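Residue numbers for the sequence shown, in our numbering: 15 to 358. Yeah, the Cβ is synthetic: ideal placement off N, Cα and C, and Gly gets one too. Since we're looking at a predicted model, the values are computed, not measured.
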Amino acid sequence: MARRALITGVTGQDGAYLARLLLDKGYEVYGAIRRAASQTLPRLRELGIADAIRPVTLELNEFSNLLRALEQVRPDEVYNLAAQSFVHTSFEQPIYTGDVGALGVTRVLEAIRAVNPAIRFYQASTSELFGKAQTMPQSERTPFYPRSPYAVAKLYAHWITVNYRESYDLHASAGILFNHESPLRGPEFITRKVTLALARIRHGQQDVLEVGNVEAQRDWGFAGDYVEGMWRMLQQPQAADYVLATGRAYSVGRFIELAADALGFSIGWEGTGKATRGIDRRSGRVLVTINPIHYRPAEVDLLVGDFSKAKERLGWQPTVALPDLVAMMAEADDRRVRDGRLML
Ligand code: NAP
């Protein structure tokens, strides 16, 4: 009999790639979808799998809904990817962010205990847990220092996952994933914001790209690689927590330069701090400006991950280097803008 997986957050970036991976592996994939006025499932459509997913209406803040969903689906594996996942919004909506991102996880774990404690569980932890990082690079042993309501909610979620594993012997694992991107990344996230804006500028649909801190450095990988790591965690005899990362950090400014290169621009920088501007060397045109409105109230300067435990135990490693990832995203947005096909 085919194995059954329930994915919360299936409409998001990772949910879409994970659903495709599990379908390819022969799973019956149940996708938890929130009730919404419009339901176009653009990411699942873009991957051509919208009709292959079995939809389950699910709101993470509603325990009775979760319980019934698990009773109905009877999954072997649950991947909890649902969250209010945008750091900026978490400063504006800290309570909601905590309700979904922190207590939502306890609701899922309680429902698993009630319905079938043998269900294997994956929790989407994040490198934002390291925040004001205490060591370089960060591994599973690095102390956490979250710097946003999003990260604080994820800290609770991380520890409740560990706690349920240790208290009730659940097969519950947390993947501490460093940033991972793709053409399916939400347009509010900096990487996609950059590729989309530069593609629009190239096609005369936008004047300038406005960003916040171009000096922040992140460890960026490809989402398609990271969902493979999630699946491998749940195939282990023992549940555990793993860092998934590339081990290399790049600045936001460098990401912008690479995206510009992929789209036929060549960015040079002038000025410092808020007065920094990115100028196209070929045309002399200002392409990038800074607006402090995009700064975080508490900044996270540098994150870079040590994925040696995942490499050793899961045989996992990233396969896409940042320049290739940026080119993949820039080319996808260039095609979307050119064809007027901007569902995402
Ligand atoms: P995403 O694109 O923002 O997707 C978030 C998903 O959660 C969407 O499907 C969203 O549904 C769903 N959701 C939000 N609130 C919900 C609620 N109350 N009830 C049910 N579903 C809800 O995020 P992602 O990039 O795929 O990331 C997946 C997970 O990994 C998130 O938990 C994120 O915090 C975590 N993570 C991501 C990264 C990264 O770099 N991408 C790194 C580390 C950890 P709607 O479509 O209805 O809004």
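Could you please give the first and the last residue of the uninterrupted beta strand (DSSP E) stretch that includes residue i?
i           : result
residue 137 : 134 to 140
residue 283 : 281 to 284
residue 44  : 42 to 47
residue 155 : Looking at the DSSP string, residue 155 is not in any beta strand (DSSP E), and its letter there is neither H nor E.
residue 124 : It is not in any beta strand (DSSP E) - residue 124 instead sits in the alpha helix (DSSP H) that spans 118 to 129.
residue 30  : No beta strand (DSSP E) contains residue 30, which is instead part of the alpha helix (DSSP H) from 27 to 38.
Give the secondary structure of residue i by DSSP, where H, G and I count as helix, E and B as strand, and everything else as coil.
i           : result
residue 204 : helix
residue 371 : Any question about residue 371 goes unanswered here, given that the chain covers just 15 to 358.
residue 67  : coil
residue 110 : helix
residue 322 : helix
residue 308 : helix
residue 102 : helix
residue 175 : helix
residue 80  : helix
residue 266 : helix
residue 257 : strand
residue 333 : coil
residue 86  : helix
Are the C-beta of residue i and some C-beta of chain C separated by less than 8 Å?
i           : result
residue 212 : In the structure shown, chain C does not exist; there is a single protein chain.
Tell me whether residue i is buried or exposed, calling it buried when 16 or more other Cβ atoms sit within 10 Å of its Cβ.
i           : result
residue 34  : buried
residue 231 : buried
residue 333 : exposed
residue 132 : exposed
residue 357 : exposed
residue 178 : buried
residue 296 : exposed
residue 15  : exposed
residue 255 : buried
residue 52  : exposed
residue 195 : buried
residue 112 : buried
residue 206 : buried
residue 54  : exposed
residue 315 : exposed
residue 168 : buried
In the DSSP assignment, the alpha helix (DSSP H) including residue i goes from what residue to what residue?
i           : result
residue 348 : 336 to 353
residue 162 : Counting along the chain, residue 162 falls outside any alpha helix (DSSP H), and DSSP gives it neither H nor E.
residue 19  : Element bounds for residue 19: not the alpha helix (DSSP H) but the beta strand (DSSP E), 18 to 22.
residue 60  : 56 to 60
At a threshold of 7 Å, does residue i count as lining the ligand PLP (C-beta to nearest heavy atom)?
i           : result
residue 193 : Ligands present in the displayed structure are limited to the ligand NAP, and the ligand PLP is not among them.
Any contact of the region 155 to 175 with the region 310 to 318, i.e. 3+ C-beta pairs under 8 Å?
yes
Report yes or no: do three or more beta-carbon pairs, one from the region 261 to 271 and one from the region 236 to 248, lie closer than 8 Å?
no
Kindly confirm or deny that the region 40 to 51 and the region 103 to 119 touch, where touching means at least three C-beta pairs closer than 8 Å.
no
Using 8 Å as the threshold, is the region 22 to 40 in touch with the region 79 to 96, meaning 3 or more CB pairs across them?
yes
Is it the case that the region 102 to 116 contacts the region 147 to 158, given that we only count it when at least three CB pairs across the two stretches are under 8 Å?
no
Does the structure place the region 75 to 95 close enough to the region 55 to 63 that three or more beta carbon pairs sit under 8 Å?
no
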